[in-house]
Amino acid sequence: SPTITTSVIRDNAVGIRLENGATAAITNNVIEDNSSYGIYANSSTLTITGNTFSGNGSYAIYLSSGSAGSVISGNTAVGNGKNGIYIGGGTLAQNASWGSDMPVVLGGTVTVPQGVTLTLEPGLVVKGVSGGGLGVDGTLLAQGADVAPIVFTSDRDDSYGGDTNGDGAATVPAAGAWRGVGFSDTSTGNVLDYVIVRYAGQAYNPVFTANAALFTATSALSFSNGVVEHSNIRGIYVYGANVSPTITT
């Protein structure tokens, strides 16, 4: 379990690369001017705190879905090719909490399996690429605040979280730019409060159907103080005659 701290890490292909069950604490470093990712982690569990990422050619941090339970907080990312944390599609390996210090980019369908809880901090911005989305078979706790909502949107949407895809004004979001958030009939205890969902509803089976930004096949969903906008055909789609989530303003 190495500790990497108070170092300057620069001019590599990847600043720090960890794979195959590695664990590490990466704290208070300057990670800059690497040609690709600042940190690349595949199937590893990391603590990444207090670092500054700048001038890296791609995303500040890349995590496989098996690394998405890492603890990441208090970091700064400016002037990278793509500012944010990229999570590859796949299934979370453990409970995870995503902090709000950098946007999280869903690079494919990220699945929260049964028995696993994903917790999102107030103020977090989650962006989906085309084909990206969040499928919940377990539990999603997304409890924002009036002054710090949790935002789900397209990676082309620069109005929340800045220019995450690093192309300036070259691309703009449109309805159905990414899949959205889907809750299967096995998911339980889901809470969305002060959550904004934008530009979603790209069709995909089996979790994301009906071209909806939010899809639910379970009654175990509380959605309050929310905004669903710029969706492809439908904002919220409730699937099943006996499915009755709680939706309030």
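Position in the sequence shown (first residue = 1) + 1114 = this note's numbering.
Built from N, CA and C at the ideal position, the CB exists for glycine as well.
Only a predicted model underlies this, so the values are computations on that prediction, with no experimental measurement involved.
- DSSP places G1296 within a strand segment (E or B) once states are collapsed to three.
- In chain order, I1201, G1203, V1240, K1241, G1242, V1243, G1246, G1247, L1248 and W1292 place their CB closer than 8 angstroms to the CB of L1220, counting only its own chain and leaving out the 5 sequence neighbours on each side.
- Here P1263 is buried, its C-beta having at least 16 other C-beta atoms within 10 Å.
- For N1156, the beta-bridge partners assigned by DSSP are E1133.
- In the three-state reduction of the DSSP assignment, S1181 falls in the helix class.
- Annotated as distal: G1129 and N1142, with beta-carbon spacing of 9 angstroms or more.
- Under the three-state reduction of DSSP output, A1207 falls in the coil class, being neither helix nor strand.
- Judged by DSSP in its simplified three-state form, N1325 adopts coil rather than helix or strand.
- Three or more Cβ pairs closer than 8 angstroms define a contact, and the region 1171 to 1188 meets that threshold against the region 1207 to 1219.
- Separation of the CB atoms of N1194 and N1170 is rounded to 5 angstroms, and the pair is thereby assigned contact status at 8 angstroms.
- By a beta-carbon distance limit of 8 angstroms, S1338 contacts T1362. Their separation comes to about 5 angstroms.
- Assignment of beta-bridge partners to T1267 by DSSP yields K1241.
- Between the alpha carbons of G1275 and A1174 lies a distance of about 14 angstroms.
- Taking a C-beta distance under 9 angstroms as the contact criterion, A1327 and N1346 qualify as a contact pair.
- Annotated three-state conformation of T1302 is coil, per DSSP.
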